[in-house]
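J.: Residue numbers (our numbering), protein chains in the order written: chain A, 1 to 177; chain H, 178 to 287.
The beta carbon of each residue, even a glycine, is placed where N, CA and C say it ideally should be.
Quick caveat, the model's predicted, so the values are computed rather than measured.
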Amino acid sequence: MMSRMIPLSALLVIGSLAFAHEGEVPGPSDAQIAHIVVTANSVDVDAGKLARSVSRNPEVRKFAEQMVTDHTAVNQQAAALAKKLGVSPQDNDTSKSLKKGGDENIAKLKKLKGEKFDREYVSNEVTYHEAVLGAIDQVLIPSAKNEELKGLIIQVRPAIAAHLEHAKILKKELDGK
Amino acid sequence: MNRHIATRPAPGILALCAGLWLCSPLAYAKTHIVRIEKMAFVPETVTVAPGDTIEWRNADVVPHTVTAEDFDSDTLESSGRFRKKLKGSKEIPYFCRFHPMMKGMIRIQK
């Protein structure tokens, strides 16, 4: 299905990291993890900004606003931590794929409006947050070497899980219409 | 003629005032801490006496609010704090405006 094409590519790349962590290929470095975290947040901020400007559904707009607020806050903390640690976030295949997927998602959403837009946006948010949560649990937390970086990812995890639950509830409401 | 000019209250009066203060609710007013962490208010339900204060402390990375019918903390950034003195005797449900699934309850009991 069209709605799954873009996030699926990100899922595949993130999923490949899980194999990397199991010993076949070295997992991402802290610099790469930092870049993945920032990119993942930025992708959802961009989608949220689009949704809050396009959607006419107050619940979707509220959700989108939450995504912008929360992911921006996480990025600010991540940037501050990277600066403190002297880590320069390093671009890598995973973050490139996330960015590419995010841009393609935006392009697709821009062609939609009304309920079609809302359903596509929220459906993608469910899939995206599932993928990010999986990456956090299977790769980012286990691979992070610096304890403060690991701590930040652990601290952020509940917010991502809450976003996923909220998106699922919203999706159910939209599908019920 | 001797004149006794009182320069300070008699010890008995001082003791009476101290006793009255110790018996008043003010003497026992407490501050209760509610941590906002892992997308939840901890503890979810807090029981306080009239005159007590609750201090919410945001230990999450993301911002939250403490919002009830009669008060709103506005945005609490990470590490932000909000204090509210409680009066009366009632239950006050509250929530986070940004994350409506986050709910808490204040019980004011004499």
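(1) Residues of chain H with a CB under 8 Å from the CB of V74 (chain A): which are they?
(2) So which of A:V139, A:G176, A:K150, A:E130 has the shortest CA-CA distance to H163 (chain A)?
(3) With R260 (chain H) and A236 (chain H) assumed to form a contact (beta carbons below 8 Å), what rounded beta-carbon distance in angstroms separates them?
(4) Can you list, in chain order, the residues of its chain with a C-beta nearer than 6 Å to that of N210 (chain H)? Leave out the 5 residues immediately preceding and following it.
(5) Looking at the C-beta of S250 (chain H), does it have a partner C-beta in chain A at a distance below 8 Å?
(6) At a CB-CB cut-off below 8 Å, which residues of chain A make contact with H276 (chain H)?
(7) According to DSSP, which residues form a beta bridge with Y271 (chain H)?
(8) When the Cα atoms are used, what is the spatial distance from D44 (chain A) to V68 (chain A)?
(9) Give the straight-line distance between the Cα atoms of Y205 (chain H) and A73 (chain A), rounded to the nearest whole angstrom.
(10) Note down, in chain order, every chain A residue with its Cβ under 8 Å from the Cβ of S255 (chain H).
(11) Can you tell me where the alpha helix (DSSP H) holding A135 (chain A) begins and where it ends?
(12) Let me see if you follow: with CB-CB separation under 8 Å, is K215 (chain H) close to chain A or not?
(13) On a Cα-Cα basis, can you pick out the residue from A:N57, A:G101, A:L50 that is closest to Y128 (chain A)?
(14) Examine the Cβ distances between the stretch 50 to 63 of chain A and the stretch 93 to 100 of chain A and report whether three or more of them are shorter than 8 Å.
(15) Quick one: what does DSSP say H276 (chain H) is sitting in, helix, strand or coil?
(16) So, with DSSP's three-state summary, where would you put R212 (chain H)?
(17) Can you tell me which residues form a DSSP beta bridge with V219 (chain H)?
(18) Short check: CB of A159 (chain A) to CB of V238 (chain H), under 8 Å?
T.: The relevant details are as follows:
(1) Result: V238, V239.
(2) Looking only at A:V139, A:G176, A:K150, A:E130, the smallest Cα-Cα distance to H163 (chain A) is reached by A:E130.
(3) Not really, about 16 Å apart at Cβ, beyond 8 Å.
(4) Per the sequence shown, residue 210 (chain H) should be read as Ile rather than Asn. If you ignore the 5 residues before and after I210 (chain H), its C-beta comes within less than 6 Å of the C-beta of E232, all in its own chain and listed in chain order.
(5) Chain A has no Cβ within less than 8 Å of the Cβ of S250 (chain H).
(6) Neighbours of H276 (chain H) across chain A, judged by C-beta separation under 8 Å: Q66, A162, H166.
(7) DSSP output for Y271 (chain H) lists H:G281 as bridge partner(s).
(8) If you draw a straight line from the Cα of D44 (chain A) to the Cα of V68 (chain A), it is about 7 Å long.
(9) Using only the alpha carbons, I get a separation of about 39 Å.
(10) Near S255 (chain H) (Cβ distances below 8 Å), the residues of chain A are A73, Q77.
(11) Note, A135 (chain A): alpha helix (DSSP H), 114 to 135.
(12) It does; some Cβ of chain A falls within 8 Å.
(13) Taking only the C-alpha atoms, the option nearest Y128 (chain A) is A:G101.
(14) Contact fails: fewer than three Cβ-Cβ distances are below 8 Å.
(15) Collapsing the DSSP output to three states places H276 (chain H) in coil.
(16) Under the three-state reduction of DSSP output, R212 (chain H) falls in the strand class.
(17) DSSP lists H:R212 as partners of V219 (chain H).
(18) At a Cβ-Cβ threshold of 8 Å, A159 (chain A) and V238 (chain H) count as neighbours.
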